[in-house]
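The block underneath contains the structure these notes are about, expressed in structure tokens.
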Amino acid sequence: MNAIQKILLNQIDLSDETFSVNFMPDLQGLRSSIKAIGFIQPVLLRKEKGHYRIVCGFRRIWVLKELGVFEIPAMVFEEKEPSDLELFVLSLQENLTTRGFNAVEKAIALQKLIHRFQLEHSEVVKTYLHLFSLEPNEKILNTYLSLAEMEDETKRFVLREEVSRSNIRLLAQMSSEDRMALLPFLSLLKLGENRLREMLTLLSEISRRERISIKEVIDRPDIQGILSQKELTPIQRTERVKRVLMNLRHPKMKQMEEEFDRKRKAFNLPVGVSVHHAPYFEGKGLKMEFQFESTEEYRTILNSLSELVDKKEFKKLIESS
Amino acid sequence: MKRKEMLSFKIEKIYLDVKAETNWVTRHILKSLPDVPVERVEDKKNLIKQFLPITDPIGMGKRNLLITHFYGRRLKPCPGTSRHICCGYYVINPITNCPMDCSYCVLQGYLNNPFLTLYSNWDDLLQEVESFLAIGRPPLSRLGTGELSDSLALESIFPISQFLVPFFAKKNAILELKTKSTEVEHLLSLDHRGRTVVSWSLNPPQVIEEEERGTASLEERIDAAKRCQEAGYPLGFHFDPMIDHEGWEKGYEGLINFLFSRIDPKRVVWISLGGFRYPAQLKGIAEERFPKTRIFLGELFPGGDGKFRYFKTIRVEMYRKMVKWLKQVSPDLFIYLCMESQEVWKEVFGWSPQNSQQLNQLFEERVKKFIKIPVEYRPALLGG
Numbered sequence: 032m033n034a035i036q037k038i039l040l041n042q043i044d045l046s047d048e049t050f051s052v053n054f055m056p057d058l059q060g061l062r063s064s065i066k067a068i069g070f071i072q073p074v075l076l077r078k079e080k081g082h083y084r085i086v087c088g089f090r091r092i093w094v095l096k097e098l099g100v101f102e103i104p105a106m107v108f109e110e111k112e113p114s115d116l117e118l119f120v121l122s123l124q125e126n127l128t129t130r131g132f133n134a135v136e137k138a139i140a141l142q143k144l145i146h147r148f149q150l151e152h153s154e155v156v157k158t159y160l161h162l163f164s165l166e167p168n169e170k171i172l173n174t175y176l177s178l179a180e181m182e183d184e185t186k187r188f189v190l191r192e193e194v195s196r197s198n199i200r201l202l203a204q205m206s207s208e209d210r211m212a213l214l215p216f217l218s219l220l221k222l223g224e225n226r227l228r229e230m231l232t233l234l235s236e237i238s239r240r241e242r243i244s245i246k247e248v249i250d251r252p253d254i255q256g257i258l259s260q261k262e263l264t265p266i267q268r269t270e271r272v273k274r275v276l277m278n279l280r281h282p283k284m285k286q287m288e289e290e291f292d293r294k295r296k297a298f299n300l301p302v303g304v305s306v307h308h309a310p311y312f313e314g315k316g317l318k319m320e321f322q323f324e325s326t327e328e329y330r331t332i333l334n335s336l337s338e339l340v341d342k343k344e345f346k347k348l349i350e351s352s
Numbered sequence: 472m473k474r475k476e477m478l479s480f481k482i483e484k485i486y487l488d489v490k491a492e493t494n495w496v497t498r499h500i501l502k503s504l505p506d507v508p509v510e511r512v513e514d515k516k517n518l519i520k521q522f523l524p525i526t527d528p529i530g531m532g533k534r535n536l537l538i539t540h541f542y543g544r545r546l547k548p549c550p551g552t553s554r555h556i557c558c559g560y561y562v563i564n565p566i567t568n569c570p571m572d573c574s575y576c577v578l579q580g581y582l583n584n585p586f587l588t589l590y591s592n593w594d595d596l597l598q599e600v601e602s603f604l605a606i607g608r609p610p611l612s613r614l615g616t617g618e619l620s621d622s623l624a625l626e627s628i629f630p631i632s633q634f635l636v637p638f639f640a641k642k643n644a645i646l647e648l649k650t651k652s653t654e655v656e657h658l659l660s661l662d663h664r665g666r667t668v669v670s671w672s673l674n675p676p677q678v679i680e681e682e683e684r685g686t687a688s689l690e691e692r693i694d695a696a697k698r699c700q701e702a703g704y705p706l707g708f709h710f711d712p713m714i715d716h717e718g719w720e721k722g723y724e725g726l727i728n729f730l731f732s733r734i735d736p737k738r739v740v741w742i743s744l745g746g747f748r749y750p751a752q753l754k755g756i757a758e759e760r761f762p763k764t765r766i767f768l769g770e771l772f773p774g775g776d777g778k779f780r781y782f783k784t785i786r787v788e789m790y791r792k793m794v795k796w797l798k799q800v801s802p803d804l805f806i807y808l809c810m811e812s813q814e815v816w817k818e819v820f821g822w823s824p825q826n827s828q829q830l831n832q833l834f835e836e837r838v839k840k841f842i843k844i845p846v847e848y849r850p851a852l853l854g855g
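Taken in order, these protein sequences are the chains called U and W.
The first sequence begins at 32 in this note's numbering and counts up by one.
The second sequence begins at 472 in this note's numbering and counts up by one.
Okay, structure coming up:
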């Protein structure tokens, strides 16, 4: 590597992204910094026939070009030595010391190690995952490789919503078309990590059970009807959509719940009293709950409950439970 | 009926625990697999640790045999729960893990050691069984090797049946060898004296094709059962796990008709029914290993024991229909439910054993009547 030298920007091939792992770079901070204190750290370039390739400093070069700068201080590697892989690892190390990588950039870097630099999965697991603060596990590598294959829209969603690895794996199981249909749907709901997992699992399982696409599930009129109700908060919308999906996923359970409700409504329960079946109808018997604030209320409830004994609808519910 | 390829699996490598190196069982295994490379292992815990981070340690484990010693108890009561009626079965574990690869297999989430593992301190195991049977067990206690592996899958490597069947022939107990294989050759000439039940887990061909990778086809299993029937063995059949799938009624009814077109129901000592059930941790593991599996798409909910089961109405409907079809074949068939509540028993059969002890007694009566070999009950030798 030669000492720092001035290189004309028009001699640098900006289209060559061999060593870049940038995704959704935030250039605003860098732009303000360069405007305020100027350009401090030289970029790393590799000399090629008649031009230069960027090794480190893509974002700085983009900003300088935007600011109309003609030349840039750089350290230049000569042709061929070191190898592309060595330079790529150097650029990763350099970036790690200055900014770190987001999840998609990690995915792009790992994908390049496998596909462009032809490293074995086992070597990447053993030697490179720790660079990105990831445990040396092939499943983790595969998760990031699947993220690298996704559409930019999904990648942006993953970054914006800080989607977990387990949820990335769920997204990876879907077709590109389904993911694209899913993104606007998800943006209308209020989903944390667990709720997102629940929603993705429900959609995927309904789609596979019914042998229809996820898009077809989302496009159902009952779901679209909920999504179009502007007066609902995202949390309310999420709850209602989830209820519809649960019923689609568990049709026999839904049928039993409806039957139970019908029987329960056939006799008038006193106010403040509720009757429950065993969880998932597994097991016999009913559970009754009531609440009261005074002895008067307590007495009223007890009187009403004792009257239930003679109601044939109540007996029916007990017999069927 | 569609045939699958004959059961076959390949052991790619043998890991030999140095502590098991000089054992006669080890020598027998190595002789059976002369072309398989062997690596000596000083620290098996470290070996296991090395393989856990790979993408599919379970799949890898099925192709790699670990020969080692087991120092704990290998004979245990079948794990049941207080909420369910259990049949009082005991399990013996000479092997852990299985070369077959069923999508629903609970071992995927159960075993900490992914290797196909054969414990070479075989004499200790026989001693353990001997001691167990000596201490005043009820006559005709049932013990089986099919809990943590397929009972016959490794017969070509180490023919366990050749040791266990004659051993049990002299005992006041019943051995069950439960399999999805056709590995019965070793059994046919053995003097079993009716004390060994050979049983098969069965599912319709579609389920076998889709969910039971590496197992024998239905036709092959029934052919093997027929050979055992001809060799005088009492037979058992386990419709477990029953899978709720599109066309299940046609599938299971066809299966029963096909089975009894070849097998004499009078030679069938017991038949179990059990709906697919799984512990929570299995789903993630199995879906990752078998992305196309549809077994988790049923309506399954957690029960009091933490296991997911089909919605009760689904289970009861499946069991009732199976009982109806089986009773049409022969009203004398002994059918029981595996790990179900009294309530489900009542809904299916119209009655239920009072408890697990009563079911155990029913088994005893069934076995006595069935094998028609005088049973000499030896009372407790060592107390207990």
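No residue lacks a Cβ here, since even glycine has one placed at the ideal position from N, Cα and C.
No experiment lies behind these values; they were computed from the predicted model shown.
Is residue i close to chain W? Criterion is C-beta to C-beta, closer than 9 Å.
{"i": "PHE101/U", "result": "no"}
{"i": "HIS307/U", "result": "no"}
{"i": "PHE312/U", "result": "yes"}
{"i": "LYS281/U", "result": "Per the sequence shown, the amino acid found at residue 281/U is His instead of Lys. Judged by the 9 Å Cβ criterion, HIS281/U is in contact with chain W."}
{"i": "MET230/U", "result": "no"}
Could you give the first and the last residue of the continuous beta strand (DSSP E) run that contains residue i?
{"i": "PHE779/W", "result": "778-781"}
{"i": "THR232/U", "result": "Unbroken run through THR232/U is the alpha helix (DSSP H), 224-241; no beta strand (DSSP E)."}
{"i": "ALA644/W", "result": "644-650"}
{"i": "HIS615/W", "result": "The amino acid occupying residue 615/W in the given sequence is Gly; His does not appear at that position. That run of the beta strand (DSSP E) goes 612-615."}
{"i": "CYS699/W", "result": "Taken as a continuous stretch (DSSP letters only), CYS699/W belongs to no beta strand (DSSP E), being part of the alpha helix (DSSP H) at 689-701."}
{"i": "PRO73/U", "result": "PRO73/U -> no beta strand (DSSP E), and no H or E assigned at all."}
{"i": "ILE679/W", "result": "Note, ILE679/W: premise wrong, no beta strand (DSSP E); alpha helix (DSSP H) at 676-682."}
{"i": "ALA105/U", "result": "102-108"}
Check for me: the alpha helix (DSSP H) holding residue i runs from which residue to which?
{"i": "SER207/U", "result": "207-218"}
{"i": "CYS495/W", "result": "Cys is not the amino acid found at residue 495/W; the sequence shown has Trp there. Segment 495-503, the alpha helix (DSSP H) holding TRP495/W."}
{"i": "TRP719/W", "result": "719-733"}
{"i": "GLN286/U", "result": "282-296"}
{"i": "TRP816/W", "result": "813-820"}
Would you kindly check if the distance between the Cβ of residue j and the Cβ of residue i is under 9 Å?
{"i": "LEU52/U", "j": "GLU117/U", "result": "Reading off the sequence shown, one finds Val at residue 52/U, where the question assumed Leu. For VAL52/U and GLU117/U, no; Cβs fall outside 9 Å."}
{"i": "MET319/U", "j": "VAL306/U", "result": "yes"}
{"i": "ILE556/W", "j": "PRO824/W", "result": "yes"}
{"i": "GLU835/W", "j": "LEU546/W", "result": "no"}
{"i": "GLY703/W", "j": "ILE742/W", "result": "no"}
{"i": "ASP58/U", "j": "PHE101/U", "result": "A small correction: the amino acid at residue 58/U is Leu; Asp does not occupy that position in the sequence shown. No, these two residues do not count as a Cβ contact at 9 Å."}
{"i": "VAL860/W", "j": "PHE729/W", "result": "As displayed, chain W neither begins before 472 nor continues past 855, which places residue 860/W out of reach and without an answer."}
{"i": "ALA624/W", "j": "SER591/W", "result": "no"}
{"i": "HIS657/W", "j": "PRO630/W", "result": "yes"}
{"i": "ILE103/U", "j": "LEU95/U", "result": "yes"}
{"i": "LYS649/W", "j": "LEU604/W", "result": "no"}
{"i": "PHE108/U", "j": "ARG91/U", "result": "no"}
{"i": "ILE756/W", "j": "ILE529/W", "result": "yes"}
{"i": "MET106/U", "j": "LEU75/U", "result": "yes"}
{"i": "ILE249/U", "j": "LEU231/U", "result": "no"}
Check whether chain U comes within 9 Å of residue i, counting only Cβ atoms and requiring the distance to be less than that.
{"i": "ILE714/W", "result": "no"}
{"i": "PRO524/W", "result": "yes"}
{"i": "GLU814/W", "result": "yes"}
{"i": "GLU681/W", "result": "no"}
{"i": "GLU601/W", "result": "no"}
{"i": "ASP488/W", "result": "no"}
{"i": "GLN752/W", "result": "no"}
{"i": "GLU513/W", "result": "no"}
{"i": "GLU483/W", "result": "no"}
{"i": "GLU720/W", "result": "no"}
Give the C-beta separation of residue i and residue j to the nearest angstrom, bearing in mind that I take them to be a contact with Cβ-Cβ under 8 Å.
{"i": "ARG200/U", "j": "THR269/U", "result": "So it is not a contact: roughly 22 Å between Cβ atoms."}
{"i": "GLU184/U", "j": "MET211/U", "result": "7 Å"}
{"i": "ASN198/U", "j": "ARG228/U", "result": "6 Å"}
{"i": "HIS716/W", "j": "LEU673/W", "result": "So it is not a contact: roughly 15 Å between Cβ atoms."}
{"i": "VAL507/W", "j": "LYS484/W", "result": "6 Å"}
Does the beta-carbon of residue i, which I'm using as the reference point, lie nearer than 8 Å to any heavy atom of the ligand FAD?
{"i": "ASN278/U", "result": "The ligand FAD is not among the ligands present in this structure, which contains no ligands whatsoever."}
Interface residues of the region 166-178 of chain U facing chain W [CB-CB below 8 Å]: So the close ones are GLU166, PRO167, ASN168, GLU169, LYS170, ASN173.
Chain U contacts made by the region 766-799 of chain W, where a contact means CB separation under 8 Å: Listed by position, the residues of the region 766-799 of chain W near chain U (Cβ gap below 8 Å) are PHE767, LEU768, GLU770, PHE772, PRO773, GLY774, GLY775, ARG780, PHE782, LYS783, THR784, ILE785.
Residues of the region 236-263 of chain U with Cβ closer than 8 Å to any Cβ of chain W, in chain order: Close to chain W, meaning a Cβ-Cβ distance shorter than 8 Å, are the following residues of the region 236-263 of chain U: GLU236, ARG239, ARG240.
Residues in the region 198-216 of chain U having any Cβ partner in chain W nearer than 9 Å: So the list reads ARG200, GLN204, given in the order they occur along the chain.
Members of the region 314-331 of chain U that neighbour chain W once the beta carbon cut-off is set at 9 Å: So the close ones are GLY314, LYS315.
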